[in-house]
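Counted the way full-length UniProt numbering counts, the sequence shown spans residues 1 to 66.
C-beta: ideal position from N, C-alpha, C; glycine also.
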Amino acid sequence: MAKIDIRLDAELVVEVMVLAGVGNPQDAVELVVRDYIARGHRTEARVAGQDEARREADARPQDPQG
Numbered sequence: 001m002a003k004i005d006i007r008l009d010a011e012l013v014v015e016v017m018v019l020a021g022v023g024n025p026q027d028a029v030e031l032v033v034r035d036y037i038a039r040g041h042r043t044e045a046r047v048a049g050q051d052e053a054r055r056e057a058d059a060r061p062q063d064p065q066g
């Protein structure tokens with residue numbers, strides 16, 4: 001996997017390290033990025049499931065009213 005170098009504010013990285021419980025700055029930031037990506041995938045899956053349920057409900061024939 002290709003690697004890149006970025007610069008971040010030291011206070012921001014220290015806070016991430018404390019919250020993640022990790023002693024290595026690179027590992028802490030990587031955990032945050034991986035969690036953000038996983039959260040996005042879970043959200044996409046949840047929204048897709050809701051959309052599918054709505055489509056199925058719309059496709060069912062409606063009972064006559066009145």
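Please state whether DSSP places residue i in a helix, a strand or coil.
{"i": "residue 35", "result": "helix"}
{"i": "residue 5", "result": "coil"}
{"i": "residue 76", "result": "This structure leaves residue 76 out entirely; the chain is present only between 1 and 66."}
{"i": "residue 26", "result": "helix"}
{"i": "residue 65", "result": "coil"}
Report yes if the C-beta distance between residue i and residue j is below 8 angstroms; otherwise report no.
{"i": "residue 16", "j": "residue 33", "result": "no"}
{"i": "residue 29", "j": "residue 13", "result": "yes"}
Please confirm if the region 20 to 27 is in contact with the region 39 to 54, defined as three or more CB-CB distances below 8 angstroms between the two stretches. no
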